[in-house]
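In our numbering, the protein residues as written are 47 to 259. Working notes, beginning with the structure itself.
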């Protein structure tokens, strides 16, 4: 399973959520940042809609399209697994994103009229080692087998078992130690406020590490 698709999801949503012109107070910057993270990870759009004057339908379409990216890049279609298992994984990925653990601090105004905020984040560690555990299970299942199943059957069994393990861990997720990521909220040349992509990448890479599986 590709970690890259998780980054694609978060960044594609976050960049599209950025907007809003004119002046911004420290409180606005805090709410703005919170709304981007909540919309990107939690699928909570109320504050985002107020911040960007968008509609709930537009926000939901962006979020759903991003989940489509996860599913497409997971390669499930090529593996030939059942529609039911694909649907289960889609819900699993959504639940995983909603479990993101972060806390947005108060914005501080800088000399250039931009703002900085410290975001406390904890890495999601619930899925660590799940691939190895699933491989060991599959090896044990066929240790004394006299017939070899088809590749599609193996794919279905492997991913079904992995799904079961991941779903069980997600019910009571584990996290790493708290880390602090400092991000910036600033206006571009046209006065549109935004958070730099590298700041969003730093948050996402800490919340969901590349080796999370």
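All C-beta atoms, glycine included, are put in the ideal place defined by N, C-alpha and C.
- Under the three-pair Cβ rule at 8 Å, the segment 241-249 counts as touching the segment 219-230.
- Residue pairing for residue 76: DSSP places it in no beta bridge.
- Taking 4 residues as the shortest admissible run, the segment 180-241 contains the following complete alpha helix (DSSP H) segments, listed from N- to C-terminal end: 197-216.
- Residue 174 holds the alpha-carbon nearest to the alpha-carbon of residue 255 among 189, 174, 110 and 201.
- Residue 159 sits in coil when the DSSP states are folded into three classes, being neither helix nor strand.
- Within the same chain, 143, 144 and 146 come within 8 Å of residue 88 by CB-CB distance, once the 5 residues on both sides are set aside.
- Of the residues 70, 121 and 120, the one whose Cα lies closest to the Cα of residue 98 is 70.
- Inter-segment contact for the segment 122-133 and the segment 184-191 is absent: fewer than three beta-carbon pairs are separated by less than 8 Å.
- Distance from the Cα of residue 109 is smallest, within the candidate group 78, 122 and 94, for 94.
- Measuring C-alpha to C-alpha distances from residue 78 to each of 159, 118 and 153 identifies 153 as the nearest.
- Sequence-distant Cβ neighbours of residue 155 in its own chain, meaning closer than 7 Å and more than five residues away, are 72 and 161.
- When only Cα atoms are considered, residue 140 and residue 124 end up about 21 Å apart.
- Following the DSSP letters along the chain, one finds residue 124 inside the alpha helix (DSSP H) bounded by residues 122-125.
- Annotation: the continuous alpha helix (DSSP H) that includes residue 92 extends over 92-98.
- If you ignore the 5 residues before and after residue 222, its C-beta comes within less than 7 Å of the C-beta of 168, 169 and 171, all in its own chain and listed in chain order.
- Counting along the chain, residue 135 sits inside the alpha helix (DSSP H) bounded by residues 129-144.
- Of the candidates 82, 218, 217 and 234, 82 places its Cα closest to the Cα of residue 148.
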